[in-house]
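Number of protein chains: 2
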Amino acid sequence: MNIGQAARTSGVSAKMIRYYEQSGLIPPAGRTGAGYRDYSDKDVHELRFIRRARDLGFATTEIVELLGLWRDRSRQSADVKRIAENHVAALQTKIRELQEMADTLAELAHCCHGDHRPDCPILERLETPENDTPATIRPRSGAVARSRR
Amino acid sequence: MNIGQAARTSGVSAKMIRYYEQSGLIPPAGRTGAGYRDYSDKDVHELRFIRRARDLGFATTEIVELLGLWRDRSRQSADVKRIAENHVAALQTKIRELQEMADTLAELAHCCHGDHRPDCPILERLETPENDTPATIRPRSGAVARSRR
DNA sequence: CTTGACCTTCCCATGGTTGGAAGCCGCAGA
DNA sequence: TCTGCGGCTTCCAACCATGGGAAGGTCAAG
Numbered sequence: 230m231n232i233g234q235a236a237r238t239s240g241v242s243a244k245m246i247r248y249y250e251q252s253g254l255i256p257p258a259g260r261t262g263a264g265y266r267d268y269s270d271k272d273v274h275e276l277r278f279i280r281r282a283r284d285l286g287f288a289t290t291e292i293v294e295l296l297g298l299w300r301d302r303s304r305q306s307a308d309v310k311r312i313a314e315n316h317v318a319a320l321q322t323k324i325r326e327l328q329e330m331a332d333t334l335a336e337l338a339h340c341c342h343g344d345h346r347p348d349c350p351i352l353e354r355l356e357t358p359e360n361d362t363p364a365t366i367r368p369r370s371g372a373v374a375r376s377r378r
Numbered sequence: 230m231n232i233g234q235a236a237r238t239s240g241v242s243a244k245m246i247r248y249y250e251q252s253g254l255i256p257p258a259g260r261t262g263a264g265y266r267d268y269s270d271k272d273v274h275e276l277r278f279i280r281r282a283r284d285l286g287f288a289t290t291e292i293v294e295l296l297g298l299w300r301d302r303s304r305q306s307a308d309v310k311r312i313a314e315n316h317v318a319a320l321q322t323k324i325r326e327l328q329e330m331a332d333t334l335a336e337l338a339h340c341c342h343g344d345h346r347p348d349c350p351i352l353e354r355l356e357t358p359e360n361d362t363p364a365t366i367r368p369r370s371g372a373v374a375r376s377r378r
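Those sequence lines, one after another, are chains Z and S. With the numbering used here applied, the first sequence covers 230 to 378. With the numbering used here applied, the second sequence covers 230 to 378.
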């Protein structure tokens, strides 16, 4: 099966399949005489696995681990569970941060007249917030989720 | 004031100040005879404004708008409110997506024994999920928030 | 004058994904 | 057989925000 067909069947774009191969997430695909990549149903199965893991927000490094465990018949489910739980925790941290932003903004927006007048608590808050901590260490969450595709 | 001092005072790293200048978010800073960038208290004030907007998760394009409104004495608070409310909506969409991921994963993890045995509902779900929609259009949220710093 | 802290510009890397260009391959229709 | 089209190949670049680092200039204190 050509890469295009594999892409359509797995839901992973051809671009990304090549990228996954190049970055070592999946082994190099076999090639036809003409140099075209050739995929088996098993390969497509694996690509689908990867896509679903990404849909759940797993980072590449986590997917590498999950793939390894998936292939390993003697794996221990505790290892998988650990990865999943760590990821859930990371997601929840991220959610909390976003929720805090949303709450703050929603409150400010609520207080804003939203009319033709220039006075605006939102801008005031950006100008001189109550709880400002300049140059301090704030939560540097980092890389938890895209939801793309 | 040198860029280092401006960075410390505003809470925006010197790297990012140069980046903001280069990308047009802020006007080019004045220069001393030696070519050093020179910042006024007003500039620092603006940098702080930017940092706070970023802390609330606003995208660069939104910050450009907010800065424009901030500088415009004849602005209408409705414009600011609109931007803020759009952003809140975007944040909440993002939050919903992440929450969905977290819920799914938490449930799977809950069902996983987490012991030495290989059987694992998490891997099973990644292999053959119930609701799979391969090659369809899924939410491409995109660019709603970093929470960095 | 030396030292050390600071500044300058420039390049590189991250992560996930998309876009494009140039060129080869394979199939179908005239 | 020739032509055209779409698929495939590789390579290069971009997005966004940020940090790292090198090579070299500047400044103030000792």
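We put the CB at the ideal spot given by N, CA and C, even for glycine.
Within the region 324 to 356 of chain S, the complete alpha helix (DSSP H) runs of at least 4 residues fall at 350 to 356. Apart from sequence neighbours up to five positions away, the residues of its chain that approach Z/Ser242 with a beta-carbon distance below 6 Å are Ala236, ordered along the chain. Distance between S/Gly233 and S/Tyr248, taken at the CA atoms: about 14 Å.
Under the DSSP assignment, Z/Ile246 falls in the alpha helix (DSSP H) whose first and last residues are 243 to 251. Contact between the region 298 to 305 of chain S and the region 256 to 270 of chain S is absent: fewer than 3 CB-CB pairs across the two stretches fall below 8 Å.
DSSP places S/Arg283 in the helix class (H, G or I) of the three-state scheme. Chain Z places a beta carbon closer than 8 Å to that of S/Pro358, counting this residue as a contact. Residue pairing for Z/Asp267: DSSP places it in a beta bridge opposite Z/Gly259. Close to chain Z, meaning a Cβ-Cβ distance shorter than 7 Å, are the following residues of the region 310 to 337 of chain S: Lys310, Ala313, Glu314, His316, Val317, Leu320, Gln321, Lys323, Ile324, Glu326, Leu327, Gln328, Met330, Ala331, Thr333, Leu334, Ala335, Leu337.
Excluding its 5 nearest sequence neighbours in each direction, S/Leu334 has C-beta neighbours in its own chain below 8 Å: Ile351, listed in chain order. When rounded, the separation of the alpha-carbon atoms in S/Asn231 and S/Asp267 is 5 Å. S/Lys310 counts as buried, since at least 16 other C-beta atoms from the protein chains shown sit within 10 angstroms of its C-beta.
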